[in-house]
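Residue numbers (this note's numbering): 528 to 735.
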């Protein structure tokens with residue numbers, strides 16, 4: 528929403544979001560340890576809200592920030608190790624819970640007690656191994672199958688002239704709200720929307 532209003536999230540706002548998320552995580556954990564938060568849904572809802580705040584701050588910094596923080600983050604994430612983990616990240620997300628449950632490292636089995644680091648390392652290693660197998664034996668082959676379906680065509684881009692949505696079959700009102708910026712109404716007829724805007728509310732001339 529801030530991007531749509533041309534007020535991107537960056538700088539101290541991102542830092543404040545991370546600090547607020549850490550405060551929520553500490554309160555959430557302490558509340559559980561002290562017996563104030565006894566409901567699993569409440570505990571995990573607060574935790575996921577905090578993780579989401581960190582994610583928003585992280586991504587917004589990479590997209591909108593122009594300072595040294597972005598340069599450092601970009602340099603770190605460009606390392607081959609992290610790029611490789613990025614390719615495996617979804618498979619790791621899928622496999623980590625079954626591995627934790629199988630090894631008895633889930634919350635229900637541990638009752639909140641700390642587990643030996645070797646068991647945690649074993650769980651991580653198994654998750655990583657399954658993810659590598661999945662990436663090369665399942666995900667890549669399935670992704671290549673797309674080449675066998677050349678008859679399917681992607682949805683045609685939405686025309687901003689009268690919002691002509693033929694293949695997408697979206698309601699015209701929704702398409703108009705989603706794809707037209709407030710500047711489109713005042714744009715001269717000879718200006719192409721593809722050339723003047725790169726995102727709703729963000730003109731190409733505003734991009735740095």
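Glycine included, each C-beta is placed from N, C-alpha and C at the ideal position. This one's a predicted model, so the numbers in the text were calculated from it and none came from an experiment.
* Please list, in chain order, all residues of the same chain as residue 615 whose beta carbon is under 6 Å from its beta carbon, the five residues on each side excluded. => Against the chain shown, residue 615 aligns to sequence position 88. Within the same chain, residue 615 has close Cβ partners 658 and 662.
* To do: Could you check how far apart the C-beta atoms of residue 543 and residue 577 are, in whole angstroms? I think they sit under 8 Å.
  => For this step, residue 543 is matched to residue 16 along the chain shown. For this step, residue 577 is matched to residue 50 along the chain shown. Not quite, the Cβ-Cβ distance comes to about 13 Å (not below 8 Å), so this is no contact.
* Asked: Is residue 564 helix, strand or coil when you go by DSSP?
  -> As a first step, residue 564 must be located in the chain shown, where it is residue number 37. Reduced to three states, the DSSP call for residue 564 is coil.
* Which class does residue 633 belong to by DSSP, given the choice of helix, strand or coil? -> Sequence index remark: in the chain shown, residue 633 carries index 106 (1-based). Coil, per DSSP.
* CA-CA distance, residue 660 and residue 654? -> Sequence index remark: in the chain shown, residue 660 carries index 133 (1-based). Sequence index remark: in the chain shown, residue 654 carries index 127 (1-based). The alpha-carbon atoms of residue 660 and residue 654 are separated by roughly 10 Å.
* Assumed close pair residue 555, residue 573 - CB separation to whole angstroms, cut-off 8 Å -> On the chain shown, residue 555 is found 28 positions in, with the first residue counted as 1. On the chain shown, residue 573 is found 46 positions in, with the first residue counted as 1. Between residue 573 and residue 555 the Cβ distance is about 4 Å, and since that is below 8 Å, they are a contact.
* **Cβ distance (whole Å) where residue 618 is taken to contact residue 536 below 8 Å** => Here residue 618 corresponds to residue number 91 of the chain shown, with the count starting at 1. Here residue 536 corresponds to residue number 9 of the chain shown, with the count starting at 1. Contact doesn't hold; Cβ gap of about 30 Å is too wide.
* To do: Enumerate in chain order the residues of its own chain whose CB-to-CB distance from residue 505 is below 7 Å, with the five nearest sequence positions on each side excluded.
  => Absent from the model: residue 505. The displayed extent of the chain is 528 to 735, so no value can be given.
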